[in-house]
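Accompanying notes for the structure given below.
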Amino acid sequence: MVARVTLEIALRKEFDYLIPPELAGRVEVGTRVKVSFGRRLVLGCVTALAESSKHDALKPILKVIGAQSLVTPRVLELARWMADYYCCAPETALKSVLPDAVRKEKEGWRERLFVRVRSGGDGIDSLTKRQTEIYHVIEENRSIALQELLRLTGTTTQTVRKLEDKNLIEIAPQISERDPYANEQIVPTKPLTLNTEQATALETINAESGDFFLLYGVTGSGKTEVYLQAIARALEEGKGAIVLVPEISLTPQTVERFKARFNSGPLQTLVAVLHSHLSTGERHDEWHKIRQGRAKIVIGARSAIFAPVEPLGLIIVDEEHENSYKQEESPRYHARDVAVVRGQRENATVVLGSATPSLESYHNVRRGKYTLLELPHRVDDKQMPLVRVLDMRVEKSKGDKGPPIFSQRLKDAIHHRLEQNEQVILFLNRRGFATSMQCPDCGFVAECPNCSLSLTYHRREQALRCHICGHGSRAPRRCPNEKCGSPKIRFHGLGTQKVEDVLCKLFPKANVCRMDSDALKRKDDYRRILGDFKRGKIDILVGTQMIAKGLHFPRVTLVGIVYADTGLHLADFRAGERTFQLLTQVAGRAGRGDVEGEVVVQTFSPVHPAIQFARRHDFEGFFEAEMEFREQLRYPPFTRAALLTLRGRNEDKVKFSADHLKRELEKLATDFPELIIAGPAPAPLLRAENFYRYQIMLRLGQMSALSRRLAAMAAALTLPDDVTLTIDIDPVNLF
Ligand code: ADP
Ligand code: ZN
Ligand code: ZN
Numbered sequence: 003m004v005a006r007v008t009l010e011i012a013l014r015k016e017f018d019y020l021i022p023p024e025l026a027g028r029v030e031v032g033t034r035v036k037v038s039f040g041r042r043l044v045l046g047c048v049t050a051l052a053e054s055s056k057h058d059a060l061k062p063i064l065k066v067i068g069a070q071s072l073v074t075p076r077v078l079e080l081a082r083w084m085a086d087y088y089c090c091a092p093e094t095a096l097k098s099v100l101p102d103a104v105r106k107e108k109e110g111w112r113e114r115l116f117v118r119v120r121s122g123g124d125g126i127d128s129l130t131k132r133q134t135e136i137y138h139v140i141e142e143n144r145s146i147a148l149q150e151l152l153r154l155t156g157t158t159t160q161t162v163r164k165l166e167d168k169n170l171i172e173i174a175p176q177i178s179e180r181d182p183y184a185n186e187q188i189v190p191t192k193p194l195t196l197n198t199e200q201a202t203a204l205e206t207i208n209a210e211s212g213d214f215f216l217l218y219g220v221t222g223s224g225k226t227e228v229y230l231q232a233i234a235r236a237l238e239e240g241k242g243a244i245v246l247v248p249e250i251s252l253t254p255q256t257v258e259r260f261k262a263r264f265n266s267g268p269l270q271t272l273v274a275v276l277h278s279h280l281s282t283g284e285r286h287d288e289w290h291k292i293r294q295g296r297a298k299i300v301i302g303a304r305s306a307i308f309a310p311v312e313p314l315g316l317i318i319v320d321e322e323h324e325n326s327y328k329q330e331e332s333p334r335y336h337a338r339d340v341a342v343v344r345g346q347r348e349n350a351t352v353v354l355g356s357a358t359p360s361l362e363s364y365h366n367v368r369r370g371k372y373t374l375l376e377l378p379h380r381v382d383d384k385q386m387p388l389v390r391v392l393d394m395r396v397e398k399s400k401g402d403k404g405p406p407i408f409s410q411r412l413k414d415a416i417h418h419r420l421e422q423n424e425q426v427i428l429f430l431n432r433r434g435f436a437t438s439m440q441c442p443d444c445g446f447v448a449e450c451p452n453c454s455l456s457l458t459y460h461r462r463e464q465a466l467r468c469h470i471c472g473h474g475s476r477a478p479r480r481c482p483n484e485k486c487g488s489p490k491i492r493f494h495g496l497g498t499q500k501v502e503d504v505l506c507k508l509f510p511k512a513n514v515c516r517m518d519s520d521a522l523k524r525k526d527d528y529r530r531i532l533g534d535f536k537r538g539k540i541d542i543l544v545g546t547q548m549i550a551k552g553l554h555f556p557r558v559t560l561v562g563i564v565y566a567d568t569g570l571h572l573a574d575f576r577a578g579e580r581t582f583q584l585l586t587q588v589a590g591r592a593g594r595g596d597v598e599g600e601v602v603v604q605t606f607s608p609v610h611p612a613i614q615f616a617r618r619h620d621f622e623g624f625f626e627a628e629m630e631f632r633e634q635l636r637y638p639p640f641t642r643a644a645l646l647t648l649r650g651r652n653e654d655k656v657k658f659s660a661d662h663l664k665r666e667l668e669k670l671a672t673d674f675p676e677l678i679i680a681g682p683a684p685a686p687l688l689r690a691e692n693f694y695r696y697q698i699m700l701r702l703g704q705m706s707a708l709s710r711r712l713a714a715m716a717a718a719l720t721l722p723d724d725v726t727l728t729i730d731i732d733p734v735n736l737f
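Each number in the working numbering comes from the position in the sequence shown (counting from 1) with 2 added on.
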């Protein structure tokens, strides 16, 4: 027999190896093997078996890794699809479906010494009183880890060894599973009685297995309870479930809700957790619990979509609009989209949940691909918080220095809340480099004439550029708005750090804490700060989008958005959508307790649709308006996009390569008459880590056929040695 093997070194090719007689029966599709390749020994994965090979003098497989094949045939199929669709090498796709922790050659189980009593118990009489006590502890436990025994009885290894010498007990190594949540006290929960809306949603989900649903429900509407009960149904049918949550909301509380429901009761199963904060060993053990079928529920971040749950009944993607579901390195997959593909292939039900659905998903509802389920009310019947939009242009005209950070209204509101001993969250989404050219006097923002997108200010060249179409102009020194002409037009940039400084001066008695990626130095800082905030040690929490997500603090009654415009004028066709989502999410943080909440939004663009629709909590209205813009300019979700980026240290070479690439793409276009080729244009962040980047964006109604051709074209393309091309299908990050 011959095995076809994908090697872990990037070769975009498979190789045939002989299955030697001693390994017969142990090699199947998905088995990981060790083989020699040239002079090296490499690991690989068997992707097919055959009777014979067209090559002769095949080398034998040297070793089988692990007791069980690691990649199930279904996950292997999914990896193949991913390689095809996302234009990546099959070995890269295959690698990403297995966590590093289980790809090691040596098995990663932890062995520990365990103590057991030997049958008989002859010779107990000869023990001292202390030894007898210890013996009884072992006897009660049947089998106990040596370390645990020492801790329980306060004895030493030496003493225990004495019992072993008398043949009363046995000390032997045994696999001991790591449990990352071993120290959490989890109180079991029972299913809640659903309200009418939840019950309707659940019934609809349960009615038809293998369907796709968008569960659109405001924060606090009880989506998670619907997930839990839908999972229970899958378990009753003997199937498992995968729950995806964004990494940042994968908090112990989230995990606990799932464990608490399924740790006991008739449907009892293990809940495995997969995310990057686990140790390698923990990840190894969690993954194998799934592979062995002991854990039927998996909860995890992006890559948990590849968990070997079998049979799979249900996939839940919570906060489906989150950008973190997109992997920003090869394979550049979007876990939500992979979830839908996997659901389709395995006839599993897929539920996408969000309070602010992505335009893509809502569009799929309109097209009849997904069924819409709505939970428009909060479970506790609380009103959505009142949102006040403050026009900062007016605030500006009151003073004579640059735009103020805080309006009087916001300052008063903070003051008032502090006096009531309530808490405040201040939010500023300040992304590092992405700044726009804006006039503080009239709110003017320089926009591209072809794309109705804001232009990006390139400091080096003192130019404004559109990276979608390449349009460029000199950066003006005065506001181009004829009625204004203010010389103050400038580069807009304020960070959370500055907000923190100013707050400390304005409210010297308040405890102010900042939470953004700069402030988080150690692994547990995030948890620690949130813990302090929950316990009331912090009065005002300042942060970036990190604090916008799924947190629940009953004492927060005021949420202030310092500048709602920061994300609005980015050179990104999704800028409005992101701003709408962010404002809605942040606003959801206010008033989750007994006191009514209030949201203050400071902005220079008070009439912008993203801000106005968010103020009225009107997703539908926003959707209609935004879709009109997307349709006119043929942006996703009306089309699919691919972003081709060339990067290299020499700008001329990169530019030249981009022109060359464009000519190749134009040849392709004869087969795709609808294809839009925009660019090449310098990336908004032209130079990143000393690399120059130029981009071409493609848009087309359907992507599958094109992406296959792109992969072939990229493979045949000759580029200078030091220029590389990346292809990003359905890009999320355009920078
Ligand atoms: P979401 O996931 O939509 O934000 P959750 O499922 O977290 O909402 O629900 C918010 C709160 O309401 C939780 O504390 C939850 O326990 C509670 N809850 C949900 N459904 C019900 C119900 N049917 N009856 C009572 N309480 C509920
Ligand atoms: Zn102006
Ligand atoms: Zn443009």
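By construction, the Cβ of each residue, glycine as well, lies at the ideal position given by its N, Cα and C atoms.
Asked                                                                                                                                                                         : Found
At a cut-off of 7 Å, would you count residue 227 as near ligand 1, judging by its Cβ distance to the nearest heavy atom?                                                      : yes
If residue 270 and residue 264 are in contact, beta carbons under 8 Å, what's the gap, nearest whole angstrom?                                                                : 7 Å
Kindly indicate which three-state DSSP category residue 345 falls into: helix, strand or coil?                                                                                : helix
Would you tell me roughly how many angstroms separate the C-alpha atoms of residue 50 and residue 4, rounded to the nearest one?                                              : 9 Å
In angstroms with no decimal places, state the Cα-to-Cα distance between residue 190 and residue 262.                                                                         : 4 Å
Write down every uninterrupted run of the beta strand (DSSP E) in the region 258-322 whose length is 3 residues or greater and which is fully enclosed by it, in chain order. : 272-276, 297-302, 314-320
Going by beta carbon distance, what residues of the same chain come within less than 8 Å of residue 743, once the five residues before and after it are set aside?            : Residue 743 lies beyond the residue range present for the chain, which begins at 3 and ends at 737; the question has no answer from this structure.
Is residue 222 near ligand 1, with its Cβ less than 7 Å from a heavy atom?                                                                                                    : yes
Where does residue 717 fall in DSSP's three states?                                                                                                                           : helix
Helix, strand or coil: which one does DSSP assign to residue 644?                                                                                                             : strand
Any heavy atom of ligand 1 closer than 7 Å to the CB of residue 219?                                                                                                          : yes
Kindly indicate which three-state DSSP category residue 540 falls into: helix, strand or coil?                                                                                : coil
Does the separation of the CB atoms of residue 586 and residue 358 fall below 8 Å?                                                                                            : yes
Rounded to whole angstroms, what is the Cα-Cα separation between residue 356 and residue 216?                                                                                 : 8 Å
Taking the beta carbon of residue 221 as the centre, do at least 16 other beta carbons fall within 10 Å, making it buried, or is it exposed?                                  : buried
Look at residue 173 and residue 166 and say whether their C-beta atoms are less than 8 Å apart.                                                                               : yes
Does the beta-carbon distance from residue 19 to residue 60 come in below 8 Å?                                                                                                : yes
How about residue 696 and residue 680: do their beta carbons lie closer than 8 Å?                                                                                             : no
Assuming residue 317 and residue 352 make a contact with CB atoms under 8 Å, what is their CB distance in whole Å?                                                            : 5 Å
Is residue 89 near ligand 2, judged by its Cβ being under 7 Å from some heavy atom?                                                                                           : no
Taking the alpha carbon of residue 693 as the reference point, which residue from 278, 726, 708 has its own alpha carbon closest?                                             : 726
Apply the 10 Å Cβ neighbour rule to residue 114 and answer buried if 16 or more other Cβ atoms are within range, or exposed otherwise.                                        : exposed
Given the structure, does residue 264 come close to ligand 2, in the sense that its CB is under 7 Å from one of the ligand's heavy atoms?                                     : no
Between residue 157 and the rest of its own chain, which residues show a CB-CB distance below 7 Å, the 5 nearest in sequence each way excluded?                               : 136
I'd like the list of long-range same chain contacts for residue 334, defined as Cβ closer than 6 Å, with 5 residues on each side in sequence excluded.                        : 88, 730
Would you call the CB atoms of residue 300 and residue 245 closer than 8 Å?                                                                                                   : yes
Is it the case that the Cβ atoms of residue 29 and residue 63 are separated by a distance below 8 Å?                                                                          : yes
Three-state secondary structure (DSSP) at residue 26?                                                                                                                         : coil
State yes or no: is the C-beta of residue 361 within less than 8 Å of the C-beta of residue 579?                                                                              : yes
When you measure from the CB of residue 446 to every non-hydrogen atom of ligand 2, does any distance come out below 7 Å?                                                     : yes
On the criterion of 16 or more Cβ atoms from any shown chain inside 10 Å, does residue 85 qualify as buried, or is it exposed?                                                : buried
Within 10 angstroms of the Cβ of residue 69, are there 16 or more other Cβ atoms? Answer buried if so, exposed if not.                                                        : exposed
What does the alpha-carbon distance come out to for the pair residue 701 and residue 42?                                                                                      : 43 Å
Can you tell me which of the three DSSP states residue 444 falls into?                                                                                                        : coil
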